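Colleague:
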Amino acid sequence: MPATKTRDLEAILNRLRERKMRVTKNRERVIGALLTAEKPLNAEQIRERGDLDLVTVYRNVEAFEQAGVLQRIPLENGTQIFELTAPDEHYHHLVCRECHQAERLDVCVGEEMRKVAKANGYSHIAHVLEVYGLCRECVEDNA
Ligand SMILES: [Zn+2]
Ligand SMILES: [Zn+2]
Numbered sequence: 004m005p006a007t008k009t010r011d012l013e014a015i016l017n018r019l020r021e022r023k024m025r026v027t028k029n030r031e032r033v034i035g036a037l038l039t040a041e042k043p044l045n046a047e048q049i050r051e052r053g054d055l056d057l058v059t060v061y062r063n064v065e066a067f068e069q070a071g072v073l074q075r076i077p078l079e080n081g082t083q084i085f086e087l088t089a090p091d092e093h094y095h096h097l098v099c100r101e102c103h104q105a106e107r108l109d110v111c112v113g114e115e116m117r118k119v120a121k122a123n124g125y126s127h128i129a130h131v132l133e134v135y136g137l138c139r140e141c142v143e144d145n146a
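Numbers in the numbering used here are just positions in the sequence shown, counted from 1, shifted up by 3.
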């Protein structure tokens, strides 16, 4: 499943315009790299695909995250992969720990947790939930 659908692109670009963020060549390249990938990418893969340097990749990934159009997916080993999202959407994933393919899960346990956090006096609540395992292909490759 391609992570971000092309129809999201217009919404993403609109959000950047609303935030008065210029769509520079480098930003275009980061978006292009993520949009054409079959799965979320790590910084190194964005660098390679977009023909950018790593500092530029990290700076732009951060800017997109703040603009609400990019999600950072933590991996078990402490590194991260990135995917574009429709503005202010977030997703939970089934992540393969071997090939880092990530499928979006059609569930969100956020409402339940928001209530608990609110009852504890918290505001500005966010949550992260990712599920890790081995995908079918990787199990077969290892057999
Ligand atoms: Zn896999
Ligand atoms: Zn959620």
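A virtual CB, placed ideally from N, CA and C, is assigned to each residue, including glycine. Given the structure is predicted, the values throughout are model-derived calculations rather than measurements.
Would you check whether ligand 2 has a heavy atom nearer than 7 Å to the C-beta of Cys111?
Modeller: yes
Colleague: Just to confirm my understanding: we take Val60, look at its own chain, exclude 5 residues before and 5 after, and list those with CB closer than 6 Å. What are they?
Modeller: Ala46, Ile49, Arg50
Colleague: Return the first residue and the last residue of the beta strand (DSSP E) that Arg139 is part of.
Modeller: Arg139 -> not in any beta strand (DSSP E); alpha helix (DSSP H) instead, spanning 139-145.
Colleague: Roughly how many angstroms lie between the CA atoms of Glu68 and Cys141, to the nearest whole one?
Modeller: 30 Å
Colleague: Comparing alpha-carbon positions, which option in Ala120, Arg20, Cys99 lies nearest Val134?
Modeller: Cys99
Colleague: By DSSP, does Gly113 sit in helix, in strand, or in coil?
Modeller: Three-state DSSP puts Gly113 in a helix.
Colleague: If you measure between the beta carbons of Leu37 and Leu87, is that distance less than 8 Å?
Modeller: yes
Colleague: Counting C-beta neighbours from all protein chains within 10 Å, is the total for Leu44 16 or more, i.e. buried, or is it exposed?
Modeller: buried
Colleague: Write down the C-beta distance between Leu73 and Phe85 rounded to the nearest angstrom, noting that I regard them as a contact closer than 8 Å.
Modeller: Indeed, because the Cβ distance is near 6 Å, the residues count as touching under 8 Å.
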